[in-house]
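Right, one structure below, let's go through it.
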Amino acid sequence: MNVLEILRLLAPEFILLITGFAVIGVDLARRRQDEGKTAATVAVMGLLLAALASVWLYLGHPGEIVLFTMAIDVYGLFFKTAAFIGVALVIIASVNFMAGRSKYLGEFYALLVFAALAISVVVSASNLILIYIGIEFLSITSYILAGFLRGDKRSEEAAIKYFLYGASAGAILLFGLSILYGVTGTTDLATIGDLLLRSRSAHWLGLVALMMALAGIGYKASLVPFHQWAPDTYDGAPTPVSAFLSTASKAAGFAVLGRVILTAFPQLQPDWTQILGAIAVLTMFLGNLTALKQKSVKRMLAYSSIGQAGYILLGLVAVNQSGNFGGMNGLMIYLFGYIFTNVGAFLLLLAIEQKSGGSTDISQFKGLATRSPALALIMAMFMLSLAGVPPTVGFLGKFYVFAAVMNQQMLVLGALAAVNTIIAAFYYLNVIRHMYFSESEVEGGVMASRGLMTVLVVNAVMVLAIGIFAQFFMTWVNNSVSMIIANGF
Amino acid sequence: MSESIFNLTWLIPLPTALAFFAIILFANPKKRLSSKIAVGGVIIAWILSWAVAIMFFVNPEFTEQPFDLAVPWIPMGNIVFHMGVAVDAVTAGMLFMVGFVLTMIFIYSTGYMSFPGHLDPEKYPDAAKEGLDPRYSRFFAYISLFATGMLGLVVADNLLMLFIFWEIMGLCSYLLIGFWFDKSYPDPKQITPKAAGLKAFLTTRVGDVLFMMGLIFLFIHAGDLNFQNIFANQEFLHELSTTTVNLPFFGAVTWAGLISMLIFWGAIGKSAQFPLHVWLPDAMEGPTPVSALIHAATMVSAGVYLIVRMSPLFSAAAHGGSGVMMFVAFIGAFTALFAATIAVAQKDIKKVLAYSTISQLGYMFAALGIGAWVAAIIHLLIHAFFKSLLFMGSGSVIHGVHHGHEHAHAHGHGEGGHEEYFDPQDMFNMGGLLKRMPITGWTFIIGGASLSAFPLITAGFWSKDEILAHAWADGHMAVYWTLAAGAFLTAFYTFRQIFLTFFGSPRTEAAEHAPESVRSMTWPLVALAFFALFGGFVAVPVDFPVVGGLASDFLAKLMEMQGEFYGLHVAPARFDWTPALISMTLALSGIVVAWLVYGWKPLKAKQSDPLRRWLGPVYTVLENKYYFDELYYFIAVRPTLWLASFFYLFDRGVIDRIVNWVGAFNRWLARTLRRWIDEYIIDGAVNGVGLVTTWTGAVVRLIQTGQAQNYLLILLLSVVILLLLIPFGS
Amino acid sequence: MVGQILFIFIAVVTLLMALGVVVARNLFHAALFLVGVFFGVATLFILLEAEFLAMAQIVIYIGAIATLIVFAIMLSRGMMGKHLGKYNKQWYFAGGAMIFFFGLVSWLLVKMPFAPVSAEAPADAIQQIGSGFVGHYVVPFEVASVLLLVALVGAIMLARERNS
Amino acid sequence: MDLLRSSVLSLIVFLPVVGSIIVALMPKEKEDLIKKFAIWWSLIPLLLTIWVAIDYAMNFMHGNQMAYQVKLAWIPSIGVNYHVGADGLSVPLLFLTALLTTLGLYYSARVIRKRVKEFFLLFLLLSTGMFGVFVSLDLILFYVFWEIGLVPMYFLIGIWGNPKDRPQYAAIKFFLYTLAGSIFMLLAMIGVYLSTGTFDILQAAQTGVWTNAPMFATLSFWAFFIAFAIKVPSFPFHTWLPDAHTAAPTAGSVILAGVLLKLGAYGILRVLLSLFPGQFAQFGWIVAALGVIGIVYGAFVSLAQTDLKRLIAYSSVSHMGYIMLGIGAVAVALNMKGTEGAAESAAMAFNGASLQMFMHGIITGALFFLVGVVYERAHTRDLKVFGGLSAVVPVYYATMMFAGFASLGLPGLAGFWAEFFTFRGAFGIVPWLAVIGVIGIVITAAYILYRIIQSLFLGEYDPKRWTHWTTVFGEHADGPTDMALFEKVTLWPLVILMIILGLWPTPLLMYFNEAATNILSNLHF
Amino acid sequence: MTVPLSWYLIFATALFSLGFFGVLSRRNAVAVLMGVELMLNAVNVNLVAFWRYLTPTDLSGQIFVVFVFTVAAAEAAVGLALMISIYRTRKTINVEEINALKH
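Written out as structure tokens, the structure reads:
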């Protein structure tokens with residue numbers, strides 16, 4: 000394992016590290032005059048470069064442990080690419096929004112880059128310690144990002160709540176990991192998996208560790224019993240940060256959950272299928288039903304993202320060997336599509352917030368179709384994708400997840416998921432209804448900055464493209480799944 | 000040569016159809032032109048039909064192998080349904096009658112359709128100037144379509160095509176009865192034309208639906224509906240009359256019985272027999288040519304024609320032991336008597352004729368019921384002639400009285416504004432019109448005599464007597480005596496009508512000034528009067544002492560031969576003195592009694608009907624037609640409307656709410672529809688989704704308190720629960 | 000035998016001090032108790048022959064974190080005057096839940112079939128830890144360094160006096 | 000030639016989308032350019048469908064296989080491919096869709112004044128969805144087009160519906176109904192894949208679905224059936240129809256009644272009949288019973304209506320009952336293989352159901368246009384307000400008479416044949432249900448004559464009863480004005496079709512008859 | 000080596016529970032932070048005990064503890080910074096009053 004090889008395999012991480020410092024450097028050099036524009040461009044360049052690196056790495060189909068703790072495999076690389084693109088989109092869109100709001104814009108973009116770094120580390124961590132340090136690194140950067148708008152009461156409140164919840168959940172996660180370490184004596188996931196496979200007695204001990212770890216990781220993916228911080232934080236945090244939190248960091252949560260469960264606890268499948276299944280149903284129902292009641296679109300999106308997390312978890316619950324309907328490919332394509340849709344939806348709120356001076360109430364959306372048809376069309380497309388109407392990517396994701404659930408003959412779960420789609424369809428349609436059918440209470444079209452517009456168009460195109468050219472993306476997802484499943488079972 | 004003539008049969012319904020489309024597409028604005036097109040079309044059809052009919056009469060050998068020309072028309076499954084035209088003795092007879100009567104009525108209506116009384120001229124200036132009905136051309140379009148329907152029905156070679164033309168006639172009768180749709184009467188109880196049209200269509204529709212069921216069952220069993228194919232092969236009829244199907248409360252019924260019963264109900268609907276008769280009298284609201292055309296000559300007789308066509312099936316059913324023939328006879332006889340009784344107490348000239356038509360049709364069905372196939376057909380043909388004559392006569396009387404009323408009114412006799420409504424059709428406003436309208440008068444008397452079967456000289460006597468003779472000969476005494484009573488009453492009300500309208504002194508100024516009708520109206524009356532008198536000789540039985548040998552009853556013989564072809568063994572009625580004498584005495588006594596009551600001491604103006612005093616309450620019952628209209632309204636119309644509104648409430652209330660219970664938008668519904676709010680709160684418990692969303696709302700408020708430490712507490716509790724699951728869960 | 004008595008003594012003292020942290024009305028006393036707990040834990044490390052950790056514990060926890068907390072208390076002193084109740088409304092429920100949690104987890108841990116190995120702690124533990132940082136766990140090490148940097152930048156950015 | 004043959008179906012399906020994209024690119028202000036373009040553009044698929052009809056009749060008539068088949072891989076990993084084809088059943092329906100779309104666009108060009116560009120864009124998109132459903136032979140492709148058809152209709156009802164009829168509530172109810180059904184259908188489709196290994200309808204039919212697990216087969220059957228029954232709509236699931244129809248703009252409700260309702264019925268005939276013959280035979284009588292209830296219930300409720308459009312909407316529920324009765328009869332016949340005449344009655348019932356699909360399309364399409372005609376002038380649909388219009392607007396009266404009488408099944412007009420065949424089939428197989436259904440015919444005659452013709456046209460015309468009349472172009476008028484040229488051009492093709500098909504149904508029946516014999520022989524009848 | 004492993008585990012769990020109780024019930028944010036520190040310390044004891052009794056030769060237990068130190072430090076820094084900035088804007092450090100964002 001010579002240095003060049005390490006450099007090649009850990010290329011994305013190194014690139015991000017350098018970009019982070021470069022961003023801070025550039026911002027200092029510009030002495031904070033240009034509201035972080037150059038810093039943002041450098042950050043975006045770095046992220047895209049990292050994304051390219053991980054795609055290039057991906058094509059080489061690596062599947063090996065690097066430096067004892069980093070498992071560079073197609074599974075991890077898939078999530079890295081998705082996260083990097085997500086963060087890049089967030090940065091591009093938020094330049095205009097963040098311009099007047101804070102002096103430390105250089106730090107803001109640097110933090111986002113470091114958050115991306117944290118995700119790329121945690122996603123391919125195959126060692127308990129690295130998992131813990133990665134999650135805490137991601138959490139801490141998120142606390143700061145959440146509380147970035149110093150003067151703003153909502154942003155600080157969001158940050159403090161997130162901090163308190165994250166710290167306690169982190170402690171419980173740590174407790175779980177320590178028990179796991181105690182039981183198996185090693186910190187490497189793969190060896191833990193083999194040890195637990197062999198010794199029957201460690202069976203339910205593993206479960207205790209898993210339950211506690213579930214709390215720690217589950218909170219990141221905002222699964223129901225551990226989701227309560229999410230609505231307040233998404234609502235309070237600056238919208239680009241909410242976009243980041245609800246997509247990239249959630250994807251990281253699912254990636255870690257997937258890796259830990261599939262590598263460390265494969266033989267406990269009957270147990271965690273039931274528990275995760277129950278959690279998934281709870282998440283879907285609570286997320287969707289509360290979203291029904293929301294007046295503010297931002298808060299509605301927060302709860303809808305919790306609901307969507309329920310669906311994504313279904314992919315994991317119904318994981319199985321069969322090539323096409325293995326569940327994990329459902330989870331991944333759903334997540335991939337979800338990142339684009341949710342980033343798009345939150346960022347669109349930016350434009351609305353800017354126009355209405357901070358309020359994201361549904362009444363702001365009334366008659367948007369007449370005032371700014373392009374934005375309305377894009378938002379309608381995101382809503383339809385979240386509702387799962389073909390030919391969008393949302394449908395593709397739901398299709399594969401449903402397929403996996405049906406493949407495992409979990410009819411009740413399938414039926415409950417279907418009912419949820421109907422409930423969810425209602426409040427997604429509600430937004431469309433306000434935009435297209437009712438008269439606008441607010442005058443004047445909604446102005447979106449060039450950066451935001453490009454991001455929205457890119458997202459909208461991706462949402463449709465993945466839906467239609469499903470085959471291209473599915474092959475990409477399928478063989479990244481075969482990697483993780485093969486060594487796991 | 001004869002073969003080529005028959006090839007023209009399919010052309011018969013065509014001219015009037017082309018006339019219909021020509022009028023509605025092109026000639027609508029020009030009234031005179033459209034009437035010329037219509038009359039031209041019907042004349043061509045008349046010539047063609049007479050050519051075919053006479054050609055058939057001339058060479059009777061066609062009864063063995065009736066002419067049939069069919070073309071493949073509709074693919075059904077792996078067979079193709081053939082449609083075409085057929086001519087046999089019955090068709091020939093009908094063609095002869097229908098062609099002629101249609102033409103007479105078309106010519107008559109060109110004169111009759113002048114500017115109607117109930118429209119005020121200012122609204123239709125040009126029509127008033129021309130003196131024609133504003134919707135003159137539309138009328139001719141409708142009657143051309145009607146003519147197509149009737150002609151098509153007569154020449155049809157299969158039951159489905161017959162059914163199609165049958166319904167087209169139903170449509171035309173609806174359009175024509177409701178022709179003066181904007182006419183309304185001060186007295187709300189009196190039925191308006193538009194309501195009469197609707198009533199006619201719906202009542203006949205009930206019959207048609209049962210007819211369609213019969214047709215479909217026949218089609219299922221026979222695989223084909225062509226008359227000659229089905230009724231010519233005996234083993235099919237035998238098989239049909241033996242296989243049984245058990246119905247809920249009828250028990251085991253043979254298929255033949257069931258099909259013929261259903262088809263008979265179609266005939267009951269169309270020919271206005273007992274249970275479904277209510278629409279015919281109200282159909283008099285239409286213009287008189289329509290009443291003559293539809294409700295005397297053609298449409299109502301279509302029902303009889305259908306049963307005549309179906310008689311092989313009926314007789315097979317009878318052999319198979321089903322009582323359908325007896326049922327037909329009973330309905331026929333009962334309707335004959337029942338309608339006659341009502342006719343006695345009517346004061347409207349057209350209503351009397353309407354009930355008399357129902358009664359005469361009753362005679363025909365009674366004849367069919369007792370198997371007198373030939374008598375029924377002959378009475379059908381002859382009745383068409385004198386009944387259309389009577390209707391047209393009454394039309395010209397009404398026309399005259401109306402003009403008289405206008406005339407009197409114009410001369411200042413009327414006091415200023417429109418005095419109370421003057422009904423030109425009410426016989427008690429007429430009197431002594433024979434002097435004013437001689438041609439109409441005398442032709443009317445001839446028709447009346449023929450209707451009441453004035454012995455020996457009128458055609459009506461021979462055809463009705465034939466039926467009575469058959470009833471007597473075959474020993475159906477119950478049927479015979481009802482028909483005989485009916486005959487007496489027929490004579491009585493016919494001559495009551497004649498004495499009231501034509502004899503005595505005019506009771507109103509309108510009657511005094513009633514002018515004779517235009518030549519185009521009176522000339523057809525004369526032509527029909529000729530047939531009313533001499534038509535009967537076609538049916539004079541051979542062995543009648545004096546006149547027997549004179550005219551060869553070739554038509555009767557022709558029908559008998561045709562019967563053989565269809566396996567109906569129709570015994571020719573040997574002439575027997577007793578029934579003939581009884582019917583003669585009945586007819587004469589009817590006339591004498593009528594003379595005693597109305598002719599001897601003619602009524603004065605404003606004098607009510609003497610019968611009212613003698614019959615008292617019975618008279619009012621008869622006048623109100625045994626209250627059948629009210630009865631049907633009570634047992635049929637009101638429950639349907641009530642059921643409709645009940646289902647609608649059920650639809651909006653229950654199902655929608657169940658749906659809302661399922662759909663998640665109930666909360667949203669409450670928010671947007673304020674007026675529903677009470678219902679939402681009242682049965683909030685009922686609609687579950689509303690409940691679920693309020694419950695989750697409450698739960699969310701409970702746990703999403705915004706307190707970070709509450710969240711942590713719940714985090715702890717969830718971890719504890721998860722840990723508890725392990726020892727107990729797996 | 001001596002070890003056991005020593006362990007029990009240290010454990011009990013540390014737990015009492017921990018209770019003090021939680022119960023102390025005055026925040027200052029709580030901070031002091033916290034330092035005591037850190038010290039107790041350090042002695043336990045020594046008992047477990049993890050000397051390096053004990054030293055690190057003292058330097059980091061007491062030296063850095065405790066002082067940091069004291070600074071925070073000093074900075075938010077203004078609020079001290081009001082002395083409103085130290086517990087929020089839900090402390091009863093939380094207490095009960097915690098006792099139950101403690102019982103459940105300790106029951107689970109005790110039931111665990113651990114097979115203690117009676118080997119000696121390696122002499123060159125510190126060297127091994129050092130080589131561990133740059134050998135097996137080099138990636139977490141780097142990540143930890145970046146984490147500290149980010150925490151640094153974030154803390155300054157959040158807590159800086161607003162000059163303008 | 001065979002290049003055209005293989006690409007014609009795809010052209011028909013995707014031309015409207017291309018059209019809608021071109022419309023999207025056009026500037027919003029140039030409204031009449033958009034209108035002209037949309038109408039001429041929709042003519043191309045119409046001509047193509049006519050060509051397909053002729054070509055199919057000439058040389059694909061008696062081969063028992065799908066014509067114009069095209070199979071391209073779409074998502075090969077799970078065997079989903081873009082597999083389209085047409086047979087006797089879908090060719091006439093394609094023509095119907097194209098015809099109604101062109102007429103709808105032509106009519107709306109002069110009537111729609113609000114947000115014109117979006118209207119035409121959505122309308123073209125809608126026709127793609129409908130074309131797609133009629134040609135797709137792959138379950139997922141079927142599902143995707145099924146949903147694509149849903150979204151534009153949602154907007155059409157919501158945006159252009161008139162405010163008094165709660166369009167938003169109607170739109171959302173319409174969307175959620177269909178979505179609820181189709182989600183469970185999606186699960187059932189996945190079930191089909193799991194049991195047969197393919198999404199292709201034809202192959203799955205051969206291998207037989209869930210042959211080993213009857214419980215799943217029944218569940219999947221009911222999932223499919225409910226999704227289609229909601230769309231038909233059959234009895235218990237119909238409450239969305241009246242709201243959607245009354246709220247939708249004229250052209251919208253024409254397309255909704257003319258074609259969208261047929262997607263459900265077509266789905267049953269194409270998918271259910273071939274994939275679940277066993278279960279369908281077992282539950283056939285329920286389908287027939289729902290049909291009969293639909294006929295009678297729909298007829299009675301229509302009788303109670305005072306709003307013209309809502310009345311016609313309920314009449315569609317009743318008319319669609321005939322289709323369900325026909326289909327139910329076919330299903331019951333499946334397990335009456337032994338008895339003679341069952342095969343023939345089944346063919347008749349199938350013909351009846353498919354005929355009713357086409358005839359109801361043109362008849363109710365015409366009726367809704369006619370409602371539009373009167374609504375554009377009187378701006379109200381309350382029947383109590385009109386009276387005696389027959390004298391004032393004769394052309395409108397004549398056209399409404401044709402449409403009305405065709406709708407009540409008068410022989411000589413199109414509606415009769417559908418009813419005749421349906422009852423001919425139904426009486427042969429489920430006589431008792433058919434007898435109840437027959438009541439519907441009388442009530443249909445009642446509500447059409449009594450509610451529509453009577454209150455609209457007959458009686459005394461007095462101008463004082465309703466004063467704010469306008470001409471169809473919006474200027475004030477003191478009374479109802481007769482049909483404008485564009486309205487005549489829209490309606491008369493439908494009336495002519497009604498008359499021709501009424502007198503001689505063979506040009507249409509030969510397709511359906513051929514499809515009936517093929518499908519029933521595939522079920523080895 | 001007389002002290003059995005389970006004693007350490009029980010002690011660690013007790014300390015953890017006390018810490019969590021502090022987090023759950025204290026009003027003052029800083030006190031909550033102290034609770035968090037207690038919990039982390041408890042887990043450190045746990046880790047070291049496992050290392051000592053189960054895998055004395057493999058030092059990953061201790062290394063884990065060192066990383067926990069770094070995380071604790073970083074967390075404390077960021078946490079306190081947040082609390083101070085909130086104190087500046089809302090003049091309160093009481094967790095209960097920070098509940099503007101809810102349901």
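Chains as they are written, first to last, in numbering that gives the first Met the number 0: chain Z, 0 to 488; chain G, 0 to 729; chain L, 0 to 163; chain W, 0 to 524; chain F, 0 to 102. Where is the CB? At the ideal position from N, CA and C, for every residue including glycine.
Would the stretch 84–104 of chain G and the stretch 383–397 of chain G be scored as touching if the rule is three or more Cβ pairs under 8 angstroms?
yes
How about residue 632 of chain G and residue 303 of chain W: do their beta carbons lie closer than 9 angstroms?
The sequence position of residue 632 of chain G within the second sequence is 633, counting from 1. The sequence position of residue 303 of chain W within the fourth sequence is 304, counting from 1. For residue 632 of chain G and residue 303 of chain W, no; Cβs fall outside 9 angstroms.
Using a beta-carbon distance below 9 angstroms, is residue 97 of chain F in contact with chain L?
Here residue 97 of chain F refers to the residue found at position 98 of the fifth sequence. Closer than 9 angstroms: no.
For residue 468 of chain W, write down the residues that DSSP places opposite it in a beta bridge.
Mapped onto the fourth sequence, residue 468 of chain W falls at position 469. Answer is W:476, bridged to residue 468 of chain W.
Check whether the Cβ of residue 683 of chain G lies closer than 9 angstroms to any Cβ atom in chain Z.
Translated into the one-based positions of the second sequence, residue 683 of chain G becomes position 684. Residue placement at residue 683 of chain G is flagged as unreliable, the pLDDT there being 34, under the threshold of 50; the coordinate-derived value follows with that caveat. Chain Z contact via Cβ: absent.
Kindly indicate which residue of G:536, G:494, G:356, G:220 has the alpha-carbon position closest to the one of residue 586 of chain G.
What you label residue 586 of chain G is simply residue 587 of the second sequence in a count that begins at 1. Closest option to residue 586 of chain G, Cα to Cα, is G:494.
Using a cut-off of 8 angstroms between C-beta atoms, extract the partners of residue 153 of chain Z located in chain F.
Stepping through the first sequence from its first residue, residue 153 of chain Z is reached at position 154. Under the 8 angstroms cutoff, chain F gives 99, 100.
Give the residues from the stretch 172–197 of chain G that approach chain W closer than 7 angstroms (Cβ to any Cβ), ordered along the chain.
177, 180, 181, 183, 193, 197
In the DSSP output, what is residue 93 of chain F paired with across the bridge?
Position 94 of the fifth sequence, counted from the first residue, corresponds to residue 93 of chain F. For residue 93 of chain F, which the question treats as bridged, DSSP gives the partners F:27.
Please check the pair residue 27 of chain F and residue 98 of chain F, which I expect to be a contact at CB under 8 angstroms, by giving their CB distance rounded to whole angstroms.
Locating residue 27 of chain F in the fifth sequence gives position 28, where the first residue counts as 1. Locating residue 98 of chain F in the fifth sequence gives position 99, where the first residue counts as 1. Contact doesn't hold; Cβ gap of about 16 angstroms is too wide.
Which bits of chain Z does residue 712 of chain G rub up against, with CB to CB less than 8 angstroms?
The count along the second sequence starts at 1 and reaches residue 712 of chain G at position 713. Ordered by position in chain Z, no residue passes the 8 angstroms Cβ test against residue 712 of chain G, which lies about 10 angstroms from the chain.
In three-state DSSP terms, what is residue 677 of chain G?
Translated into positions along the second sequence, residue 677 of chain G becomes position 678. Unreliable placement is indicated for residue 677 of chain G, whose pLDDT of 33 sits below 50; the coordinate value is still reported in the next sentence. In this structure, residue 677 of chain G counts as helix in the three-state DSSP scheme.
Check whether the Cβ of residue 715 of chain G lies closer than 9 angstroms to any Cβ atom in chain F.
For this step, residue 715 of chain G is matched to residue 716 along the second sequence. It does: the Cβ of residue 715 of chain G has a partner Cβ on chain F nearer than 9 angstroms.
Among the candidates G:439, G:496, G:451, whose CA atom is the shortest distance from the CA of residue 425 of chain G?
Position 426 of the second sequence, counted from the first residue, corresponds to residue 425 of chain G. Checking every option, the nearest Cα to that of residue 425 of chain G belongs to G:496.
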